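All remarks here apply to the structure that follows.
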Amino acid sequence: MMTIFDFEKPISELESAIAELRQLAAEKGLDRSREIAELEAQRERLLKQIFAHLRPWDKVLLARHPKRPYALDYIRLMCENFLELHGDRLGFDDPAIVGGLAKLGGYRLVIVGQQKGRDLKERQKRNFAMAKPEGYRKAMRLFRLAEKFRLPVLTLVDTPAADPGVESESRGISEAIAQSMLTMFELTVPTVSVIIGEGGSGGAIALAAANRVLMLEHAIYSVIPPEGCAAILYRDPNKAPQAADALKLTAESALELGLIDLVIPEPLGAAHRDPQTTALSVRTAVLQQLDELSRMEPDALREHRYQRFRQMGVYETV
Amino acid sequence: MQRRGVAQENSEQWVQCSKCKKILFRPDFERAMRVCPHCGHHHRLRARERILLTVDADTFQETDADLRPADPLGFPDYADKLHKGSATSGENEAILTGTALLNGYDIVIGAMDFGFMGGSMGSVVGEKVARCFERGAERKLPVILFCASGGARMQEGLISLMQMAKTTAAVGKLQRAGMPYIAVFTDPTMAGVLASFASLADVIVAEPGALVGFAGQRVAAQASVGKPPANFQTAEFQHEHGMVDLIVPRKQLRPTLTYLLEMFLPVEAHAR
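Chains as they are written, first to last, in the working numbering: chain A, 1 to 318; chain B, 1001 to 1272.
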C-alpha cells in the first residue's frame, strides 16, 4: 500500500512512469535509458521544487507519513549492535516505548524511543506510540541504569501524545511524565534527544529533557496537535493547516526560537524516500554531540542541562 | 465547566451556589471561604484571595510582579486574550508568587489564577514557578504552590511546552536543597501543569471535588474501552489511585499545611 499526499502526487506519477518504462525496456529488450534519465531528472527537479516550498501542514503530514522510518528502524540502521530490554519492574512492559543497550561508533549507550507500528496489528500493539505510565517508567528505569554504569543516553522521540485513556489516568500518566523529565534532569551522563517524527506535547518532552535536542528536518514539535488547536482557535478541526502555521511547529521555527540545537537535513523527498541516508545523518549528528558532551564533567553536564532549559521563555519586564 | 465556575453573583447581598443552586447570603459565603454551606462545593478563588486566606495577616510580599507576558509567536488573538485575562482576574498573569509567613513559618508561596486564560502556563508562569523553587533552594525555604490550570498555554506554542521541563528541573534544585515542596490541587489542575511541577511535590493535597487529570474528559473517554467511572478525574479519583495524599476541605488547609511544615522543617525553624 502506497500512501500519497497531495503534494507528493505529481512525484509519484513520475515515479510510476519511470517504473513502467523500466519494465517495458526489460521485457522488450529495448534501450530506453535516455527517456528514463530524462524522467528521473524531471523527478529530481520536481522534488526540489516541491520540497523548497513546504508549508508547516505539509511537514505535519510528512512527520506522520506511514512509510517514515521509526525508532527501531533508526536503531537498526545506525547502531552496530542493540539489545532490547523490557519492563518497568512494576508489573508492565509498554510496547509503545522501546529501550535497550546499543553500540554506536565506539560508544556504549542506552537508547530509549517511542515506537510506532507499521501495519494495523503492530500499530495496535504499539498503541500508535502513545505511551502509558508504564512506558515512561520503563524509560526511567533505563535512565537510572545508564547513570549507574556511566552510559550516555539517546532518546528518539516520535509520538502523537501520551496515552490519554482512563487506564493511563488511573496509573498516573501525569506523574510518570513529570518524573521522567525529572529523572533526565538528574542524570550526570551525556544525554541527546532526536525528534525523528512527531514531537507530541507532554508525551514528547517526557523523553526530551536532554543536553542536546536535535530535530530531523521534516519532524514536528508542538505543545498541542494542530487539529486540537484548530478546534479551540477556529472551532473547526479541519482548519488544522492554519493552526499548524500559528503553532510554529517546524524544526526551522524551533531552531529560530532557540529551543533546539540542530536541524538534521533529510534526503530530498524526506526520510521515507531514503531511510539509510537519513539514519546515517542522524548517526553523524548524534556522534558529534556525544563527542562534545563527553568532554564535560558529570556535574557540569547536569548544570548545562539545567541552564539549557532554564533560559527558555519570552517575557517582558516592566 | 459552568457547574464548577465561580458562584453566580445575583446581587451585592446574595449569591447562588454554582452546584446546588441554593441562594446564599454573601457575608456567610465569604466567611466560609466560598464553600457552599449546603452542598460543600468549593468555589474557585482568585489567586490573591487564596494567598491572603492562607498566610498570616500582612505578611505576603509579592515577588516578580514586574514580569509581563509577551507574544513571541504573534499568535492569533493572544493579545486580546491577555487583556481579557487581566480584566477577569485583576492580575497581570496566571500566577501570583511571593514570600510570607504561615503560622510563623517563612515560606515561598504561589497561587495560580484560573481566571487568567484558564491558569495556563506560558513563559511568565514557567519563570515565576522556577524562581519560586530557586528562591526556596537558595534561601532554604519551603515552597507551597496552589495549582489551578487547564495546562500549557497554546498561544506560546513550543515555548510553553518547554516551561514543563524548566519548572520540573527547578523542582530538582529544591529537592537537592532538602527543602519541602507542598502542592495543593485546586479546581482544576490539568494537563501540562499536572504533568510537570504539580505532580512532583513531596506531599500532594487536593481540595474536595477539584478536577484533576491529564487529558480532557472527552479525549479520555474516546481513548478508552468502556465508560469512565462517575468520579473520573476528580480529586477523589486521584486519591483512590494513589496520586493525591490528602483531600482537605478549604477550612482545614491552613492547619494541615502548618502540620506538614512542622514535620519537615528542622526544629530550629520552629517557633518564630
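From the three backbone atoms N, C-alpha and C, an ideal C-beta is built for every residue, glycine too.
Keep in mind the model is a prediction, meaning the values are calculated, not measured.
Open item on the list: Nearest by alpha-carbon distance to residue 1045 (chain B): which of B:1100, B:1080, B:1084 and B:1091 is it?
Closed with: Here residue 1045 (chain B) refers to the residue found at position 45 when the second sequence is read from its first residue. That would be B:1091, whose Cα lies nearest to the Cα of residue 1045 (chain B).
Open item on the list: When you compare the CB positions of residue 1198 (chain B) and residue 1147 (chain B), do they come within less than 8 Å of one another, or not?
Closed with: Residue mapping note: residue 1198 (chain B) aligns to position 198 of the second sequence, counting from 1. Residue mapping note: residue 1147 (chain B) aligns to position 147 of the second sequence, counting from 1. When the beta-carbon positions are compared, residue 1198 (chain B) and residue 1147 (chain B) come within less than 8 Å of each other.
Task: Coarse secondary structure for residue 1055 (chain B), derived from DSSP in three states - done: Along the second sequence, read from residue 1 onward, the residue named residue 1055 (chain B) stands at position 55. In the three-state reduction of the DSSP assignment, residue 1055 (chain B) falls in the coil class.
Open item on the list: Below 8 Å on the Cβ atoms is my contact criterion, and I expect residue 1213 (chain B) with residue 1152 (chain B) to pass it. Report the Cβ-Cβ distance as a whole number of Å.
Closed with: Counted from its first residue, the second sequence places residue 1213 (chain B) at position 213. Counted from its first residue, the second sequence places residue 1152 (chain B) at position 152. That pair is no contact at about 14 Å.
- [ ] Give a yes or no on whether 8 Å exceeds the smallest Cβ distance from residue 1130 (chain B) to chain A.
- [x] Locating residue 1130 (chain B) in the second sequence gives position 130, where the first residue counts as 1. It does: the Cβ of residue 1130 (chain B) has a partner Cβ on chain A nearer than 8 Å.
TODO: Could you tell me how far apart the beta carbons of residue 85 (chain A) and residue 142 (chain A) are, in whole angstroms, since I believe they sit closer than 8 Å?
DONE: Along the first sequence, read from residue 1 onward, the residue named residue 85 (chain A) stands at position 85. Along the first sequence, read from residue 1 onward, the residue named residue 142 (chain A) stands at position 142. About 7 Å separates the beta carbon of residue 85 (chain A) from that of residue 142 (chain A), a gap short enough to meet the 8 Å contact definition.
Open item on the list: Quick check on residue 1036 (chain B): does DSSP put it in helix, strand or coil?
Closed with: The residue given as residue 1036 (chain B) occupies position 36 in the second sequence. Residue 1036 (chain B) sits in coil when the DSSP states are folded into three classes, being neither helix nor strand.
TODO: Examine chain B for any beta-carbon lying closer than 8 Å to the beta-carbon of residue 264 (chain A), and answer yes or no.
DONE: Here residue 264 (chain A) corresponds to residue number 264 of the first sequence, with the count starting at 1. Closer than 8 Å: no.
Task: Proximity of residue 1215 (chain B) and residue 164 (chain A) at Cβ, strictly below 8 Å - done: Taking the second sequence and counting its residues from 1, one reaches residue 1215 (chain B) at position 215. Taking the first sequence and counting its residues from 1, one reaches residue 164 (chain A) at position 164. Note that the C-beta distance between residue 1215 (chain B) and residue 164 (chain A) is below 8 Å.
- [ ] Quick one: using the 10 Å Cβ neighbour count with 16 as the cut-off for buried, is residue 11 (chain A) buried or exposed?
- [x] In the first sequence, counting from the first residue as 1, residue 11 (chain A) sits at position 11. Its Cβ being crowded by 16 or more others within 10 Å, residue 11 (chain A) is buried.
Open item on the list: Less than 8 Å between the beta carbons of residue 1129 (chain B) and residue 1170 (chain B), yes or no?
Closed with: Counting from 1 along the second sequence, the entry for residue 1129 (chain B) is found at position 129. Counting from 1 along the second sequence, the entry for residue 1170 (chain B) is found at position 170. Yes; because the gap between Cβ atoms is below 8 Å, this pair is in contact.
Task: Stretch pair the stretch 45-52 of chain A + the stretch 169-184 of chain A: three plus CB contacts closer than 8 Å - done: With the cut-off at 8 Å, the stretch 45-52 of chain A and the stretch 169-184 of chain A do not touch.
Open item on the list: With DSSP as the reference, identify every bridge partner of residue 1099 (chain B), one or two as the case may be.
Closed with: One-based indexing of the second sequence puts residue 1099 (chain B) at position 99. Answer is B:1061 and B:1108, bridged to residue 1099 (chain B).
- [ ] Assign residue 1259 (chain B) to one of two classes, buried (16 or more other C-beta atoms within 10 Å of its C-beta) or exposed (fewer than that).
- [x] If you number the second sequence from 1, residue 1259 (chain B) lands on position 259. Its Cβ having fewer than 16 others within 10 Å, residue 1259 (chain B) is exposed.
Open item on the list: Considering Cα atoms alone, identify which of A:240, A:79 and A:202 is closest to residue 102 (chain A).
Closed with: Taking the first sequence and counting its residues from 1, the one referred to as residue 102 (chain A) is at position 102. Comparing C-alpha distances from residue 102 (chain A) to each of A:240, A:79 and A:202 shows the shortest one belongs to A:79.
- [ ] Measure from the C-beta of residue 306 (chain A) to each C-beta in chain B and report whether the shortest distance is under 8 Å.
- [x] Here residue 306 (chain A) is taken as the residue at index 306 of the first sequence, counted from 1. Chain B contact via Cβ: present.
TODO: State yes or no: is the beta carbon of residue 1159 (chain B) nearer than 8 Å to at least one beta carbon in chain A?
DONE: The sequence position of residue 1159 (chain B) within the second sequence is 159, counting from 1. Yes, because at least one Cβ of chain A sits closer than 8 Å to the Cβ of residue 1159 (chain B).
Task: CB of residue 113 (chain A) within 8 Å of CB of residue 58 (chain A), strictly - done: The residue given as residue 113 (chain A) occupies position 113 in the first sequence. The residue given as residue 58 (chain A) occupies position 58 in the first sequence. By the CB criterion at 8 Å, residue 113 (chain A) and residue 58 (chain A) fall outside the cutoff.
Open item on the list: Counting C-beta neighbours from all protein chains within 10 Å, is the total for residue 110 (chain A) 16 or more, i.e. buried, or is it exposed?
Closed with: In the first sequence, the residue the question calls residue 110 (chain A) occupies position 110. Answer is buried; the Cβ neighbour count reaches 16.
- [ ] Please say whether residue 63 (chain A) and residue 220 (chain A) have beta carbons closer to each other than 8 Å?
- [x] Here residue 220 (chain A) refers to the residue found at position 220 of the first sequence. Here residue 63 (chain A) refers to the residue found at position 63 of the first sequence. In contact: residue 220 (chain A) and residue 63 (chain A) (Cβ atoms closer than 8 Å).
Task: alpha helix (DSSP H) runs wholly inside the stretch 1192-1270 of chain B, at least 4 long, in chain order - done: Annotation: the stretch 1192-1270 of chain B contains the following complete segments of the alpha helix (DSSP H) (minimum length 4 residues), in chain order: 1217-1222, 1235-1240 and 1250-1264.
Task: Straight-line Cα distance separating residue 1099 (chain B) from residue 1269 (chain B) - done: Against the second sequence, residue 1269 (chain B) aligns to sequence position 269. Against the second sequence, residue 1099 (chain B) aligns to sequence position 99. When rounded, the separation of the alpha-carbon atoms in residue 1269 (chain B) and residue 1099 (chain B) is 16 Å.
TODO: Just the chain D side, please: which residues come within less than 9 Å of residue 1241 (chain B) by C-beta, in chain order?
DONE: Looking for chain D here will not work: the only protein chains present are A and B.
TODO: Label residue 1025 (chain B) either buried or exposed according to how many other C-beta atoms from any shown protein chain fall within 10 Å of its C-beta, with 16 as the threshold for buried.
DONE: Here the question's residue 1025 (chain B) lines up with position 25 in the second sequence. The residue is exposed, with fewer than 16 neighbouring Cβ atoms inside 10 Å.
Task: chain B within 8 Å of residue 100 (chain A), Cβ atoms only - done: Locating residue 100 (chain A) in the first sequence gives position 100, where the first residue counts as 1. Look at residue 100 (chain A): its C-beta is not under 8 Å from any C-beta on chain B.
Open item on the list: Which same chain residues end up closer than 8 Å to residue 175 (chain A) when comparing Cβ atoms and leaving out the 5 residues on each side of it in sequence?
Closed with: Along the first sequence, one-based indexing puts residue 175 (chain A) at 175. Hits under 8 Å: 133.
TODO: Report, in whole angstroms, the separation of the C-beta atoms of residue 98 (chain A) and residue 115 (chain A), which I expect to be a contact under 8 Å.
DONE: Here residue 98 (chain A) refers to the residue found at position 98 when the first sequence is read from its first residue. Here residue 115 (chain A) refers to the residue found at position 115 when the first sequence is read from its first residue. With 8 Å as the limit, residue 98 (chain A) and residue 115 (chain A) qualify as a contact, their Cβ atoms being about 5 Å apart.
Open item on the list: Taking the straight line between their C-alpha atoms, what separation do you get for residue 190 (chain A) and residue 207 (chain A)?
Closed with: The sequence position of residue 190 (chain A) within the first sequence is 190, counting from 1. The sequence position of residue 207 (chain A) within the first sequence is 207, counting from 1. A straight line joining the alpha-carbon of residue 190 (chain A) with that of residue 207 (chain A) spans about 14 Å.
Task: Extent of the continuous beta strand (DSSP E) to which residue 1077 (chain B) belongs - done: Translated into positions along the second sequence, residue 1077 (chain B) becomes position 77. Premise fails: residue 1077 (chain B) is in no beta strand (DSSP E) and is neither H nor E.
TODO: Mind listing the chain B neighbours of residue 249 (chain A)? Cutoff is C-beta to C-beta under 9 Å, in chain order.
DONE: Reading the first sequence from its first residue, position 249 is the one you call residue 249 (chain A). Listed along the chain, the chain B residues whose CB falls inside 9 Å of the CB of residue 249 (chain A) are 1157 and 1158.
Open item on the list: I'd like to know if residue 1207 (chain B) contacts chain A, where contact means its C-beta is closer than 8 Å to some C-beta of that chain.
Closed with: Locating residue 1207 (chain B) in the second sequence gives position 207, counting from the first residue. Under the 8 Å criterion on CB atoms, residue 1207 (chain B) is classed as non-interfacial with respect to chain A.
Task: Nearest-angstrom beta carbon gap, residue 1250 (chain B) and residue 1038 (chain B) [assumed within contact, 8 Å] - done: Walking along the second sequence from the start, residue 1038 (chain B) turns up at place 38. Walking along the second sequence from the start, residue 1250 (chain B) turns up at place 250. Not really, about 15 Å apart at Cβ, beyond 8 Å.
Task: Three-way DSSP call (helix, strand, coil) for residue 263 (chain A) in this model - done: The sequence position of residue 263 (chain A) within the first sequence is 263, counting from 1. The answer is strand: DSSP assigns residue 263 (chain A) an E or B state.
Task: Beta-bridge partners of residue 101 (chain A), as assigned by DSSP - done: The residue labelled residue 101 (chain A) in the question sits at position 101 within the first sequence. Beta-bridge pairing links residue 101 (chain A) to A:83 and A:110.
Task: Status (buried if at least 16 other CB within 10 Å, exposed otherwise) for residue 1188 (chain B) - done: Taking the second sequence and counting its residues from 1, the one referred to as residue 1188 (chain B) is at position 188. So residue 1188 (chain B) ends up on the buried side.
Open item on the list: Just checking: is the beta-carbon of residue 1228 (chain B) within a distance shorter than 8 Å of some beta-carbon in chain A?
Closed with: By one-based count along the second sequence, residue 1228 (chain B) stands at place 228. The C-beta of residue 1228 (chain B) comes closer than 8 Å to at least one C-beta of chain A.
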